[in-house]
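Take a look at the structure set out below.
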Amino acid sequence: MIPVYGRLPDWEAGCHTRPIETDPTILARTYVETITRVAASGGDDEVLELVHPAAELRPIITGDVHRGREGAAAWIRAAREALVWEPVIRRVVKVDDSTAVAIIHLHASRLRQGIVDSDIAWVAEFTDGLLRRATAYPSVDGLPEKVRAALA
2 MIPVYGRLPD WEAGCHTRPI ETDPTILART YVETITRVAA SGGDDEVLEL VHPAAELRPI
62 ITGDVHRGRE GAAAWIRAAR EALVWEPVIR RVVKVDDSTA VAIIHLHASR LRQGIVDSDI
122 AWVAEFTDGL LRRATAYPSV DGLPEKVRAA LA
C-alpha cells in the first residue's frame with residue numbers, strides 16, 4: 002500500500018491512497034496556493050491537512066510563532082481578517098531535499114498593523130509530505146546563507 006499524506010475522508014480511506022509528494026517546490030507552491038484560496042473562501046481543513054502536527058510556522062502577516070495545526074488555523078484566521086490578502090508566487094526554488102524557498106509578492110493590510118506590499122521570502126521545510134517548519138522573511142537579505150545561495 003502506498004502511504005498517504007494528509008487526512009482522507011472516511012469513505013475514501015479504505016479504497017484509495019494518494020502518494021506522498023516529496024518535491025519541496027511542489028509542496029511549497031501547493032501550500033501557498035491552498036492557503037490563499039482557503040483564506041478567501043473557507044474550507045480550512047484543506048490547509049490543515051497539509052500541515053504537520055508538530056509544525057512551527059512564522060508568517061509575516063502576524064509576526065507570531067504558530068505551532069501545529071491549531072497554529073495553522075490561527076494563521077488562516079489572520080489572513081482572513083486582513084483587509085487585503087493577495088499573495089502572488091514569483092518563483093519557488095529547491096534548497097535541499099526537504100526545503101524550498103518561495104519568493105512571493107505579498108499585498109496585505111491589517112488594522113493597526115499597516116500594509117505589506119513587497120516581495121517576501123517564505124522558507125518551507127517538509128516532513129512526510131507535510132509542512133513542518135515555515136518562516137517568512139521581509140526580504141531575501143535576511144535569509145540564511147544556504148537559502149540565499151539556492152536563489153543565486
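Counting in the numbering used here, the sequence shown runs from 2 upward without gaps.
We put the beta carbon where it would ideally sit given N, CA and C, even for glycine.
Asked, Found
"By how many angstroms is the C-alpha of L51 removed from the C-alpha of P4?", "The pLDDT assigned to P4 is 45, lower than 50, so where the model puts this residue is not dependable; a value taken from the coordinates is nonetheless given after this. Rounded to whole angstroms, P4 to L51 spans 14 Å at the Cα level."
"Is the Cβ-Cβ distance between I90 and R30 less than 8 Å?", "yes"
"Given 8 Å as the limit, is there contact between the segment 65–84 and the segment 95–107, that is, 3 or more CB pairs closer than that?", "no"
"How about R78 and A137: do their beta carbons lie closer than 8 Å?", "no"
"State buried or exposed for R92, treating a residue as buried only when at least 16 other CB atoms are found within 10 Å of its CB.", "exposed"
"Measure the Cβ-Cβ separation of E57 and V66 and say whether it is below 8 Å.", "yes"
"Of all the options E146, S99, I36, which has the alpha carbon lying nearest to the alpha carbon of A75?", "I36"
"Leaving out the 5 sequence neighbours to the left and right, which residues in its chain are closer than 8 Å to T26 when beta-carbon positions are compared?", "V93, V94, K95, A101"
"Look at the alpha carbon of G43 and the alpha carbon of P88, and state the distance between them as a whole number of angstroms.", "17 Å"
"For D1 and I21, which I take to be in contact (beta-carbon distance under 8 Å), what is that distance rounded to the nearest angstrom?", "The shown model of the chain, from 2 to 153, leaves out residue 1, and the question about it has no answer."
"In the structure shown, what three-state DSSP assignment does E50 receive?", "coil"
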